[in-house]
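For the sequence shown, the numbering used here begins at 94 and goes up steadily by one.
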Amino acid sequence: MNTKEWEKIPNVDMNCFGCGSENHHGLKMTFERKQEKIRSIVIVPDHLRGWSNIVHGGVLSTICDEIMGWAAMHLAKRFMLTKTINTSFLKPVTIGSKLKALGYIKERIDERNAIMAGEIYNEKGQLCTMSIGEFALFTPDNFKKLNIVPNDLISKMAGVFNRG
Numbered sequence: 094m095n096t097k098e099w100e101k102i103p104n105v106d107m108n109c110f111g112c113g114s115e116n117h118h119g120l121k122m123t124f125e126r127k128q129e130k131i132r133s134i135v136i137v138p139d140h141l142r143g144w145s146n147i148v149h150g151g152v153l154s155t156i157c158d159e160i161m162g163w164a165a166m167h168l169a170k171r172f173m174l175t176k177t178i179n180t181s182f183l184k185p186v187t188i189g190s191k192l193k194a195l196g197y198i199k200e201r202i203d204e205r206n207a208i209m210a211g212e213i214y215n216e217k218g219q220l221c222t223m224s225i226g227e228f229a230l231f232t233p234d235n236f237k238k239l240n241i242v243p244n245d246l247i248s249k250m251a252g253v254f255n256r257g
C-alpha cells in the first residue's frame, strides 16, 4: 500500500444503512485507508435531519460507529461488534455539508477487544463530533459461530480486510 495516498476499501454489503450503496434510505458511506486511519467523506441527506437543518445526533453517532467499525475490521483485521459507544457533540453539523469522518484504534486491549475512536470534521476542518467505543473482535471462524451473517458474506468480507 502506498502510505502517501488514501486507498479505497471495497464494500461487499450493499444494503447496510451506513455503507450500503443500494440502501436508498442510508448514508452510502465509502471508505479509504491511509496507514493506521480509515476515512469517509459523507454528505448527510435531508431526510436524516433533526431539528431545522441540523444533522440528527443519532445519525452522527451512526457515522462514528460505522467509521470505528470499519477501522476495527481493516486495522485489526478482525470482524467486530460494537459493545459500547460514547459520543460527544461539540459543534452543530448542518445537512448537506461535506463531512470527513476518521476512525482509528485508540487502544488494542487484547486479541478480542479494542477501544476505537471516531471523529467527524466539518468543511472548515473543525472537530464537531467524537466517539469512543469498545468493540468485540472476532476471527472469521468465531464470527461464523454467531450465525448472524451468512458465511459467504463473511468469506467475502474477510478477503477484503485481509488483503495487503
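Backbone N, C-alpha and C define an ideal beta-carbon position, used for all residues, glycine too.
Remember, predicted model here, so these are calculated numbers, not experimental data.
Going by the CB atoms, is the gap between residue j and residue i shorter than 8 angstroms?
| i | j | result |
| --- | --- | --- |
| serine 224 | glycine 211 | yes |
| lysine 130 | tyrosine 197 | yes |
| aspartate 158 | glycine 226 | yes |
| arginine 171 | threonine 232 | yes |
| isoleucine 156 | leucine 120 | yes |
| alanine 194 | isoleucine 160 | yes |
| serine 154 | isoleucine 178 | yes |
Measure the C-alpha to C-alpha separation of residue i and residue j and round it to an integer number of angstroms.
| i | j | result |
| --- | --- | --- |
| isoleucine 188 | histidine 140 | 9 angstroms |
| glycine 218 | leucine 192 | 9 angstroms |
| arginine 201 | proline 138 | 34 angstroms |
| alanine 169 | glycine 252 | 14 angstroms |
| alanine 207 | cysteine 221 | 23 angstroms |
| methionine 250 | proline 243 | 11 angstroms |
| aspartate 203 | isoleucine 247 | 22 angstroms |
| proline 53 | valine 152 | A question about residue 53 goes unanswered here, because the residues of the chain that appear run from 94 up to 257. |
| valine 105 | glutamate 115 | 11 angstroms |
| cysteine 109 | phenylalanine 124 | 14 angstroms |
| leucine 239 | arginine 205 | 15 angstroms |
| glutamate 100 | lysine 176 | 28 angstroms |
| isoleucine 241 | isoleucine 136 | 30 angstroms |
| asparagine 235 | methionine 122 | 27 angstroms |
| isoleucine 213 | isoleucine 134 | 10 angstroms |
CB-CB under 6 angstroms to residue i, same chain, minus the five flanking residues each way: which ones, in chain order?
| i | result |
| --- | --- |
| leucine 174 | Ala229 |
From which residue to which residue does the alpha helix (DSSP H) around residue i run?
| i | result |
| --- | --- |
| cysteine 112 | That residue, cysteine 112, is in no alpha helix (DSSP H); it is neither H nor E in DSSP. |
| asparagine 244 | 244-254 |
| leucine 120 | That residue, leucine 120, is in no alpha helix (DSSP H); it is neither H nor E in DSSP. |
Ordered along the chain, which non-local residues of its own chain (more than five positions away) have a Cβ less than 7 angstroms from that of residue i?
| i | result |
| --- | --- |
| alanine 164 | Ile131, Gly196, Tyr197, Ile198 and Met209 |
| histidine 167 | Ile102, Arg126, Ile131 and Phe254 |
| glutamate 216 | Ser190 and Lys191 |
What are the start and end residues of the beta strand (DSSP E) that includes residue i?
| i | result |
| --- | --- |
| methionine 173 | 172-182 |
| glutamate 159 | That residue, glutamate 159, is in no beta strand (DSSP E); its alpha helix (DSSP H) goes 150-169. |
| leucine 239 | It is not in any beta strand (DSSP E) - leucine 239 instead sits in the alpha helix (DSSP H) that spans 233-239. |
| glutamate 200 | 191-203 |
Which residues in the same chain as residue i place their Cβ atom closer than 8 angstroms to its Cβ, once the five residues preceding and following it in sequence are excluded?
| i | result |
| --- | --- |
| lysine 237 | Asn244 and Ile247 |
| glycine 150 | Gly143, Thr180 and Phe182 |
| histidine 118 | Phe110 and His140 |
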